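Q:
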């Protein structure tokens with residue numbers, strides 16, 4: 001088993017109705033594949049089994065005599081039918097089957113336990129069971145004999161404790177409420193407001209981590225709203241102003257990706273939500289038997305090499321149902337990320353090599369070398385000298401692929417993960433698949449060709465020096481913030497812009513040029529002020545008689561970037577002050593001029609030769625050309 005370093009790794013898998021139950025070996029295997037080599041690590045698993053029994057089941061960590069705990073439960077209305085002791089590594093865990101009890105009873109018990117500092121009810125429900133502790137995923141898995149269990153859905157997580165001491169197992173993931181379990185990457189910066197919202201609902205006991213409040217918020221919202229409305233409220237996607245205001249304390253903010261498992265008594269759901277800028281990864285997948293959510297593609301490929309895989313779109317959510325299949329795919333226009341290719345021959349089998357040994361093996365090998373079974377290995381090529389190696393990779397390289405590369409070349413038959421070609425200064429990288437988020441950050445030389453799609457924040461801070469050429473060609477789609485803070489180089493997107501492209505293109509750019517085939521929605525260029533602010537500014541211009549009523553009605557409804565072009569010169573000066581510090585790029589939608597054709601013809605000819613495409617004919621189409629602004 002290769003261990004890929006990861007500070008946070010989450011995984012979710014739910015079987016499709018009619019398929020076989022999922023063995024516990026799968027979540028353990030997937031967490032082990034990316035485990036973090038640190039100390040004081042927390043790990044955990046949540047299993048859902050529909051129609052498991054007719055009784056409530058609660059799990060409790062408790063430090064004192066069990067008879068005292070039993071008495072407290074009975075005082076709060078719990079009829080105890082059966083009890084199982086699970087010996088935790090720091091604290092004992094008790095699992096009770098109870099015939100009477102509700103959520104208020106659980107909250108009441110937790111209030112007492114937390115004030116006493118003696119323990120915590122950390123799981124409750126009819127189908128949910130949670131197993132968590134301090135240690136590596138396989139340590140916790142062995143402690144609870146996870147591999148001997150089966151479930152309809154598993155959630156799993158390993159991460160360093162945040163916003164908590166992390167020294168006891170109730171600070172480990174997953175966190176839960178009644179028939180609800182969550183695992184979460186990132187930080188919830190709205191934690192204080194979220195906790196106050198829960199206090200207003202009568203929830204007063206918290207272990208102190210931002211992850212726990214997500215499970216409680218989900219529970220409280222479901223008391224009033226349906227599942228999709230609940231998800232939209234948490235993600236900040238509700239348009240109804242009164243509902244938005246009423247539930248403002250339930251909106252999550254900050255960099256996060258979270259996975260929720262939920263049993264409503266009639267159906268089982270697996271949900272994934274990303275924040276508006278998707279600063280934490282989320283890979284989705286499906287095969288004939290299961291749905292998947294993971295931090296890294298290699299986790300899914302480990303279980304199902306030919307699964308249909310796609311990434312969660314920024315500011316979006318995924319919902320899969322046990323009975324109904326995919327309810328919300330989490331991306332418009334899903335395209336399958338490439339299946340794993342198999343080479344005819346190869347010199348290195350990466351499956352047998354730890355991630356931190358792979359670079360050494362490549363450097364000792366031939367000048368031209370082929371590597372098979374790359375599965376999430378990080379940092380490939382990051383320490384290569386200027387040796388002009390020619391590396392061919394089959395599989396899915398992990399984060400930080402070919403960072404700081406100079407004159408080495410690499411060809412990847414598969415997809416690459418986040419932060420590929422960061423600060424690369426030369427050479428060529430060809431990706432016969434998709435690229436993850438933050439492709440080519442601070443790229444300052446060389447060429448990067450992507451046959452498929454690029455993720456969020458591709459080519460941010462891309463630059464070009466006098467004696468270097470910097471070129472990126474994306475044949476497919478891209479997500480938000482393409483070319484953000486770009487200061488040089490040529491960025492070419494060959495896919496037609498009528499596809500679902502991202503927003504905020506070229507925001508903050510001060511150099512270079514972005515060419516996108518077809519007409520881009522001008523509202524997606526740069527970061528423009530909200531429509532309410534623009535309308536207010538237009539009203540001010542009209543009242544100040546800087547524009548006429550006729551001009552006002554002509555300009556109202558335009559995107560801000562288009563409106564500026566039609567403003568009278570005096571008004572434009574006023575608007576520059578209004579928008580100072582947030583300069584927009586300029587754009588034109590037109591046919592390429594002769595110089596641009598010569599430049600791009602050379603680039604596209606090489607792209608076609610290297611990638612096996614036929615794109616030169618596109619140079620006769622109209623392009624959206626985005627350049628630094630001059631406001």
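Numbering (my numbering), first residue to last: 1 to 631. We put the beta carbon where it would ideally sit given N, CA and C, even for glycine. Quantities reported herein were computed from a predicted structural model and do not represent experimental measurements.
1) Indicate whether residue 122 and residue 49 have their beta-carbon atoms separated by less than 8 Å.
2) Starting from residue 184, trace the alpha helix (DSSP H) in both directions and tell me its first and last residue.
3) Helix, strand or coil for residue 137? Go by DSSP, reduced to three states.
4) In three-state terms, what does DSSP make of residue 447?
5) On a Cα-Cα basis, can you pick out the residue from 368, 173, 624 that is closest to residue 515?
6) Using the DSSP secondary-structure output, state which residues sit across from residue 193 in a beta bridge.
7) Whether or not the region 72–88 and the region 180–198 are in contact is what I'm after, with contact meaning three or more pairs of Cβ atoms, one per stretch, closer than 8 Å; do they touch?
8) So, helix, strand or coil for residue 482, using DSSP?
9) Measure the CB-CB distance between residue 314 and residue 257 and report whether it falls below 8 Å.
10) Excluding five sequence neighbours on each side, which residues of the same chain lie with their C-beta closer than 8 Å to the C-beta of residue 39?
11) Could you give the first and the last residue of the continuous alpha helix (DSSP H) run that contains residue 362?
12) Would you tell me roughly how many angstroms separate the C-alpha atoms of residue 467 and residue 445, rounded to the nearest one?
13) Residue 158: buried (16+ other C-beta within 10 angstroms of its C-beta) or exposed?
14) By how many angstroms is the C-alpha of residue 440 removed from the C-alpha of residue 424?
15) Just to confirm the assignment, what range does the alpha helix (DSSP H) spanning residue 549 have?
16) When DSSP labels each residue in this structure, what does residue 272 get in the three-state scheme?
17) Please name the residue in 45, 248, 502 whose C-alpha comes closest to that of residue 146.
18) With DSSP as the reference, identify every bridge partner of residue 157, one or two as the case may be.
19) Can you tell me the Cα-Cα spacing of residue 598 and residue 590, whole angstroms?
20) In the DSSP output, which residue or residues are listed as bridge partners for residue 396?
21) Using a Cβ cut-off of 8 Å (strictly closer), state whether residue 622 contacts chain D.
22) What would DSSP say about residue 429, mapped onto helix, strand or coil?
23) Going along the chain, which residues of its own chain have a beta-carbon closer than 6 Å to the beta-carbon of residue 407, five neighbours each way excluded?
24) Quick check: what's the CA-CA separation for residue 474 versus residue 558?
25) Compute the beta-carbon to beta-carbon distance between residue 86 and residue 207, rounded to the nearest angstrom, for a pair I have assumed lies under 8 Å.
26) Enumerate in chain order the residues of its own chain whose CB-to-CB distance from residue 348 is below 8 Å, with the five nearest sequence positions on each side excluded.
27) Can you list, in chain order, the residues of its chain whose CB lies under 6 Å from that of residue 607, leaving out five sequence neighbours each side?
28) Please tell me whether residue 457 and residue 434 are closer than 8 Å, where the distance is taken between their beta carbons.
29) Let's test the definition: count the other Cβ atoms within 10 Å of the Cβ of residue 239 and tell me whether it reaches 16, buried, or not, exposed.
30) Could you tell me which of 453, 332, 384, 405 sits nearest to residue 416, measuring between CA atoms?
31) Please state the DSSP three-state secondary structure of residue 119.
32) Below 8 Å on the Cβ atoms is my guess for residue 511 versus residue 487; work out the distance and round it to an integer in Å.
33) Would you check if the region 164–173 and the region 108–115 touch, i.e. whether three or more CB-CB distances between them fall below 8 Å?
34) Round the Cβ separation of residue 505 and residue 528 to the nearest angstrom and send it over; I've been treating them as touching at under 8 Å.
35) Counting Cβ pairs closer than 8 Å, one from the region 177–189 and one from the region 149–157, do we hit at least three?
A: Let's see:
1) Taking 8 Å as the Cβ cut-off, residue 122 and residue 49 do not qualify as a contacting pair.
2) DSSP places residue 184 outside any alpha helix (DSSP H); the residue lies instead in the beta strand (DSSP E), whose first and last residues are 180–186.
3) DSSP, reduced to helix, strand and coil, places residue 137 within a helical segment of the structure shown.
4) Residue 447: strand per DSSP, three-state reduction.
5) Of 368, 173, 624, the smallest CA-CA separation from residue 515 is found for 624.
6) Here residue 193 is not bridged, per DSSP, to any residue.
7) Verdict: no, contact absent.
8) It is coil, neither helix nor strand.
9) Residue 314 places its beta carbon 8 Å or farther from that of residue 257.
10) Caution is warranted here: a pLDDT of 39 is assigned to residue 39, below 50, making its placement in the model unreliable, and the coordinate value is therefore given only provisionally. Result list for residue 39: empty, nothing under 8 Å.
11) Segment 355–364, the alpha helix (DSSP H) holding residue 362.
12) So the alpha carbons of these two residues sit roughly 9 Å apart.
13) Buried is the call here.
14) The straight-line gap separating the alpha-carbon atoms of residue 424 and residue 440 is approximately 7 Å.
15) Residue range 549–555 is occupied by the alpha helix (DSSP H) that includes residue 549.
16) It is a strand residue.
17) Selected option, being the one with the closest Cα: 45.
18) Checking the DSSP bridge columns, you'll see residue 157 partnered with 10, 44.
19) C-alpha of residue 598 to C-alpha of residue 590: approximately 16 Å in a straight line.
20) Beta-bridge pairing links residue 396 to 375.
21) Here chain D cannot be found, since the structure has a single protein chain.
22) Residue 429 falls in the strand class under three-state DSSP.
23) Result list for residue 407: 386, 388, 426, 427, in chain order.
24) Each residue's CA atom was taken as its position, placing residue 474 and residue 558 some 29 Å apart.
25) Their Cβ separation, rounded to whole angstroms, is 19 Å, which puts residue 86 and residue 207 out of contact at 8 Å.
26) Closer than 8 Å at the Cβ level, and outside the excluded window around residue 348, lie 358, 361, 362, 365, 369, 370, 371, 372.
27) Residues of the same chain with a CB within less than 6 Å of the CB of residue 607, apart from the 5 flanking positions on each side, are 449, 473 in chain order.
28) For residue 457 and residue 434, no; Cβs fall outside 8 Å.
29) So residue 239 ends up on the exposed side.
30) Here the closest residue by C-alpha is 453.
31) DSSP places residue 119 in strand when its eight states are reduced to three.
32) About 4 Å separates the two Cβ atoms, so the contact holds.
33) Cβ pair count under 8 Å is below three, so no.
34) Going by Cβ atoms, the distance from residue 505 to residue 528 rounds to 11 Å, so no, they are not a contact pair.
35) Touching, yes, given that three or more Cβ pairs across the two stretches are closer than 8 Å.
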